[in-house]
Each structure stands twice: as C-alpha cells, then as structure tokens.
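*Asks:*
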Amino acid sequence: MEQNPSPEPRNNSRILLIVALFLVLLGINGVLYWMNRQKNAENQQLTTQVQEKDDQLKTQITEFEKLKADFERQSQEVQAMGLSNDSLEAKIASINADLLKLRSFKAGSFSIKEQQRFKQRAQNFEAQLRKKDDEIAQLKADNEALYTETTTLKERQNKLADTITTIARSNQELSEKVAVASRLQAENIRVGVVNSRNKEKDDDDNEFKAKRVEKVKITFNLARNDVSPKETKQIMLRLIEPDGAALYNLSTGGGTFMIDGSEAFYTAKQDIVYDNSRQPVQFLYAKGAPYKTGLHTVELYEGGVMIGKTTFTLK
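If you use this note's numbering, the sequence shown corresponds to residues 921 to 1235, in order.
1. Just the C-alpha distance for Q1154 and T1086, rounded to the nearest angstrom, thanks.
2. Please work out which residues of its chain come closer than 8 Å, Cβ to Cβ, to V1113, disregarding the five sequence neighbours upstream and downstream, and give them in chain order.
3. How big is the Cα-Cα spacing for K1033 and Q1040?
4. As a quick exercise: from L937, G1224, A1081 and E983, pick the residue whose alpha carbon is nearest that of L1104.
5. Please classify M921 as buried or exposed, where buried requires at least 16 other C-beta atoms within 10 Å of its C-beta.
6. Taking P1149 as the reference, which of A1042, G1214 and D1195 has the closest Cα?
7. Excluding the 5 residues flanking E983 on each side, which residues of the same chain have their C-beta closer than 7 Å to its C-beta?
8. Quick check on the DSSP output: the alpha helix (DSSP H) that includes L1022 runs from which residue to which?
9. I'd like the span of the beta strand (DSSP E) that includes L1220, first residue to last.
10. What number of angstroms, rounded off, separates the C-alpha of E1151 from the C-alpha of L1066?
11. Quick check on E1120: does DSSP put it in helix, strand or coil?
12. Quick one: measure Cβ to Cβ for A1106 and I1227, integer angstroms, because I've assumed they're closer than 8 Å.
13. Using 8 Å for Cβ pairs, my map puts L1185 next to A1166. What's the rounded Cβ distance?
14. To the nearest angstrom, report how far apart K1229 and N1091 are at their CA atoms.
15. Whole angstroms are fine: how far does the CA of K1011 sit from the CA of R1050?
16. Taking Cβ to Cβ, would you say T1187 is nearer than 9 Å to R1158?
17. When DSSP builds the beta bridges, which residues end up paired with L1159?
18. From the DSSP output, in three-state form, read off K1060 for me.
19. Taking DSSP as the reference, what is the three-state secondary structure of R1198?
20. When we look at the beta-carbon of Q1058 and count the other beta-carbons within 10 Å, is it buried (16 or more) or exposed?
21. When the Cα of A1130 is compared with those of S1116, F1140, L1142 and Q1199, which residue comes out closest?
22. What's the call for L987, buried or exposed, on a 16-neighbour Cβ count within 10 Å?
23. Closest by CA to K1026, which one among M1001, Q976, E1069 and R1037?
24. Would you mind stating whether T1139 and I1109 have Cβ atoms separated by less than 9 Å?
25. Which one of R1198, A1206 and V1201 has the shortest CA to CA distance from L1170?
26. Tell me the rounded alpha-carbon separation between L1234 and K1212.
27. Give me whichever residues DSSP pairs with I1138 in a beta bridge.
28. Who are the Cβ neighbours of M1001 in its own chain at under 7 Å, not counting the five residues just before and after it?
29. Whose CA, out of V1218, T1172, E1222 and S1197, lies closest to the CA of I1179?
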C-alpha cells in the first residue's frame, strides 16, 4: 500500500519565507528609520546654522549701528569746536552703506566669508573711533588750556588797562596840579597916572582926576615860583572901563586872546624872560583920548590865566 508524502517540509518552507520577508521588512524599516533620523539631524543642523547666521547678522547690525552713533557723536563734538568734520562724515556714509548691505541679507545667507569681512571692517572702524576719541580729548584739553590762558591774558590786559588808565588819570591830575602850581602871580600891583607934562602921580587909594590923565602906569612884581619853568612868558594887560568894555586898539598894541575857551580883547602885552627873581614888570598905556570917569579894572594874564587884578577910580 503506497503512503502520502509528509506535509512538514512545505510548512517549513512557508515559515522560512515568512520569517525572511519579516526580516527584510524589518531591515527596510530600520534603514528608513535611520535615514529619517539622519534627515532630521541634518535639518536640525541646518536650522541651527541658519539661526547662528541670523544671530551673527543681528549682532553685526547692532555693532555697526553703535559705531554709527559714536561717529555721529564725534562729528557733533568736532563741529562744536569749530573744526572740519569731513572725514567723520565720510566714515558715517561708509557705515550707512555697510548697514544697507547687512540688512539686505536674507535668512541664512550671511556666509562665514561675509561674517569675517564685516567683522574685520567693524574692528577697523572701532580702532579709528578710539584714535579719534583720543584726538578729540586732546583737542578739548588744548582748548581748555588755551581758554584758561586767554582768560588769564585778558584779565592781565584788563588790569594793565586799568593801571594805565589810573596812571594816565594820575598823570593828568599831576599835570593839572603842576599847571596850577606853575602859574605866575602878580604881586604888589600899583596904579599910577602920567599927565600931559609927563609928571607921574601915585595915590594909595588909587583915585585920580580923569582930566589930568594922559597915560596909565601899572607896575607889579612876578612872585617867586620854583615850579614854573624859566622861559619867555607873555603877559597880557586888560584895562576895563566903567562900562565893562576893555580898551583895545591895534595901533597901540591891542589884540585878542583866549580866556577859558572864549575870545577876549587885551589892551597891551609884552614878552618877558621869567627868571624867578621877583622881577618887576611895567605897563605904560596911553589911550589917546579922554578917559571916562568911574571905576576902572586892571586885569593881568599869563597863558590865558589871570595872575593879578586891581582897580582904580577916575573922577
């Protein structure tokens, strides 16, 4: 009797096939899982790189904005000192161009090369900024020293001007005192008359008859004065009649001179060399016409200043 073949080998083959398929699927899943993890890691790395670039870009923009603000501060300080700030304006323009370029980068496009280039530029600007700050600080110190020196010089000039003014005023006062002290004085003034017969008459009361007067004689001494220089002095005589008019005739030596800024008539004048010896001086005046009756005044002047005065009466 023929027996049926055993089904176990067929079942075993099926089991092995199923196991093999499972293993293949497991392997594929493992590969897919690994690949997915790799992809996630790459994406994460890329995201991190993009974030780092963006952070670096923001940092660089902030740094350039600070540099711009510092250069603008320097420009204002230099301008306030009245100096040219063209070089600083050029730096500010250059920084503005850099900021425009930095802000134009898209997300993640700020390459390492660009990062290094802008970082180097920022370092260069920073070095220039520090150097300019040192220059400005020195300029301020120099200006302060110059201001102090100028102020001190002005104070000295003001004090010197005050001193000069004081000295000038003192000299003026001294000159005025010397001028006053150097004025001559006529002393012992006496009046006499000479008649038509050339006879002189004196009177202690200085009273004379008008009809007998041909000439009037005035004598006096110039008082001692150690301040007045020994030089030629011009003595003026004014003989004033009772009506207040001074006798004046060009033909007999009369003329005009200044008294206190005003023009006045004089009756006669003569030049003498003053020698501080109480030297005598004499005027002899002939009117050439009858004299008026009444009180007459005799005034004597030297240098436009009255040096003596007296009166006499004609009856």
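Even glycine gets a Cβ: it sits at the ideal position worked out from N, Cα and C. Just so you know, these numbers come straight off a predicted model, no measurement behind them.
*Replies:* Taking the structure as given:
1. One C-alpha to the other measures close to 34 Å.
2. For V1113, where only same-chain residues beyond five positions count, the Cβ hits under 8 Å are E1120, K1121, F1128, R1132, V1133, E1134, K1135, V1136 and K1137.
3. Counting only the Cα atoms, Q1040 lies some 11 Å from K1033.
4. Looking from the CA of L1104, the closest CA among L937, G1224, A1081 and E983 belongs to G1224.
5. Low confidence applies here, because M921 scores a pLDDT of 46, under 50, leaving its location unreliable and the question unanswered by this model.
6. It is D1195 whose Cα lies nearest to the Cα of P1149.
7. The residues are A1042.
8. L1022 -> alpha helix (DSSP H) spans D1006 to R1023.
9. It spans G1214 to E1222 - the beta strand (DSSP E) in which L1220 sits, taken as one unbroken run.
10. Distance between the alpha carbons of E1151 and L1066: 56 Å.
11. The answer is strand: DSSP assigns E1120 an E or B state.
12. Contact holds; Cβ gap of about 5 Å.
13. For clarity, residue 1185 is Phe in the given sequence; the question names Leu instead. Indeed, because the Cβ distance is near 4 Å, the residues count as touching under 8 Å.
14. Distance between the alpha carbons of K1229 and N1091 is about 31 Å.
15. Answer to the nearest angstrom: the Cα atoms are 14 Å apart.
16. Remark: C-beta atoms of T1187 and R1158 approach each other more closely than 9 Å.
17. When beta bridges are read from the DSSP output, L1159 appears opposite V1218.
18. Looking at K1060 - three-state DSSP - the assignment turns out to be helix.
19. Annotated three-state conformation of R1198 is coil, per DSSP.
20. Under this definition Q1058 is an exposed residue.
21. Checked all of S1116, F1140, L1142 and Q1199; the closest Cα to A1130 is S1116.
22. Counting Cβ neighbours within 10 Å, L987 comes out buried, since at least 16 surround it.
23. When each option's Cα is compared against that of K1026, the closest is Q976.
24. In contact: T1139 and I1109 (Cβ atoms closer than 9 Å).
25. Here the closest residue by C-alpha is A1206.
26. Rounded to the nearest angstrom, the two C-alpha atoms are 7 Å apart.
27. Paired residues: V1111 and F1203.
28. These residues qualify, in order along the chain: L1059 and N1063.
29. The shortest C-alpha separation from I1179 is found at E1222.
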